[in-house]
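Chains A and B, in that order, are what the protein sequence lines are. FYI, the numbering for the first sequence is 1 to 141, going by this note's numbering. FYI, the numbering for the second sequence is 1001 to 1141, going by this note's numbering. Virtual Cβ for every residue (Gly too), placed ideally from N, Cα, C.
Protein chains: 2
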Amino acid sequence: MENCIERLEKKGVRVTSIRILVLNALMNASGTMSLGDLESALETVDKSSIFRTLELFVKKHVVHAIDDGSGSVKYEVCEGEDECTLADMHTHFYCESCHRTFCLKDISAPIVSLPQGFQANSINYIIKGICPECRKYGVSF
Amino acid sequence: MENCIERLEKKGVRVTSIRILVLNALMNASGTMSLGDLESALETVDKSSIFRTLELFVKKHVVHAIDDGSGSVKYEVCEGEDECTLADMHTHFYCESCHRTFCLKDISAPIVSLPQGFQANSINYIIKGICPECRKYGVSF
DNA sequence: TCTACCCTCGCAACCCGGTTGCAAGAGGGT
DNA sequence: ACCCTCTTGCAACCGGGTTGCGAGGGTAGA
């Protein structure tokens, strides 16, 4: 909680109650959260407020957005103090059974060399499949 | 054109005029096409018909879908005769300036090894940045 | 040939995540 | 206390995707 406030101040984001709520939810989440996840986790807060908060967080590099192709963008707290570089991008795993997105933080996204003229800004590396839990419980595709 | 019909028959898809139109458009496209692209390319055909055609094509492995995080799914004709395997997946480049998606067919998507228990079915490897053309014409982000 | 059936297609309506305009509310500085 | 700015909630909107339904057209069997 204190941690949240500190983090916001460090990134130059004015501290408000909603921003603490959103950041706290993201920091306590086991994985990533979507706008919808946050909406249902924070029932008292309006969707558009959460949306604008996330928008601000992304701009200020408090969190980063991951598009896992599920139709809803996921958010995750940035680890480093400064901006995320290409090398910071890590691998994500999307479970096609339970529709959760896992951060494989210790697996950094591989970087291929591009043809002449292409300039890379970011990498989206998503592996889709079945997560260990769903396999264990025999949930079929 | 003949090529289209042959390809559909080979994949066990009943040949209809709309299916030929859609597949032909995709085969002649320089890159990938979205549902919207096809809709405007084939003015006479209804959106839902194109949607259902693409749905069928994906199921029958005539085309595959790529989610480049632009908000609209892109489609691309499958190369091989049989189903696409992990190794077949190639890299895509999304230009944040002109919003086009490029297929880097000769760059196959890198495969990382997953933690115990995760089962990979497909890979989405998207690099976002600025394409050569947009850089040349000095279009800034 | 006639009929019954199934697949395909167009239309319209819907769904849902995301986004925006606007007005009220809260907070900080003077 | 006052003003200005930022923040928030509400409601409406947007666009891609999706679905229900009924009409059209082809096909197989009688």
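Check                                                                                                                                             : Outcome
Please classify G1036/B: does DSSP put it in a helix, a strand, or coil?                                                                          : helix
Would you kindly report the start and end of the unbroken alpha helix (DSSP H) that includes S49/A?                                               : K47 to K59
By DSSP, does S1108/B sit in helix, in strand, or in coil?                                                                                        : strand
In chain order, what residues of the stretch 121-136 of chain A put their CB closer than 7 Å to some CB of chain B?                               : N121, S122, I123, N124, Y125, I126, I127, K128, G129, I130, C131, P132 and R135
In whole angstroms, what separates the C-alpha of V73/A from that of I1018/B?                                                                     : 33 Å
So, helix, strand or coil for V1015/B, using DSSP?                                                                                                : coil
Taking the straight line between their C-alpha atoms, what separation do you get for R1007/B and K59/A?                                           : 47 Å
Throw me the rounded Cβ distance for the P110/A and P1115/B pair, which I believe falls under 8 Å.                                                : Actually they are not in contact, since the Cβ atoms of P110/A and P1115/B sit about 16 Å apart, beyond 8 Å.
In chain order, what residues of the stretch 1096-1125 of chain B put their CB closer than 9 Å to some CB of chain A?                             : E1096, F1102, L1104, D1106, I1107, S1108, A1109, P1110, I1111, V1112, S1113, L1114, P1115, Q1116, G1117, F1118, Q1119, A1120, N1121, S1122, I1123, N1124 and Y1125
Using a Cβ-Cβ cutoff of 9 Å, what residues of the stretch 1030-1059 of chain B are near chain A? List them in chain order.                        : none
Which same chain residues end up closer than 6 Å to G117/A when comparing Cβ atoms and leaving out the 5 residues on each side of it in sequence? : none
The ligand SAH heavy atoms versus the CB of Q119/A: any closer than 8 Å?                                                                          : As for the ligand SAH, it is missing from this structure, which has no ligand bound.
Could you pull the start and end residues of the alpha helix (DSSP H) that C1154/B belongs to?                                                    : Since the first residue shown for chain B is 1001 and the last is 1141, residue 1154/B is missing from the structure and cannot be characterised.
For F1009/B, name the three-state secondary structure that DSSP assigns.                                                                          : Note on identity: in this sequence residue 1009/B is Glu, with Phe being the wrong assignment. Note: E1009/B maps to helix in three-state DSSP.
Where does the unbroken beta strand (DSSP E) through E43/A begin, and where does it stop?                                                         : Neither: E43/A is in no beta strand (DSSP E) and is coded neither H nor E.
Could you tell me how far apart the beta carbons of H1092/B and I1130/B are, in whole angstroms, since I believe they sit closer than 8 Å?        : About 15 Å separates the two Cβ atoms, so there is no contact after all.
For A25/A, which three-state DSSP category applies?                                                                                               : helix
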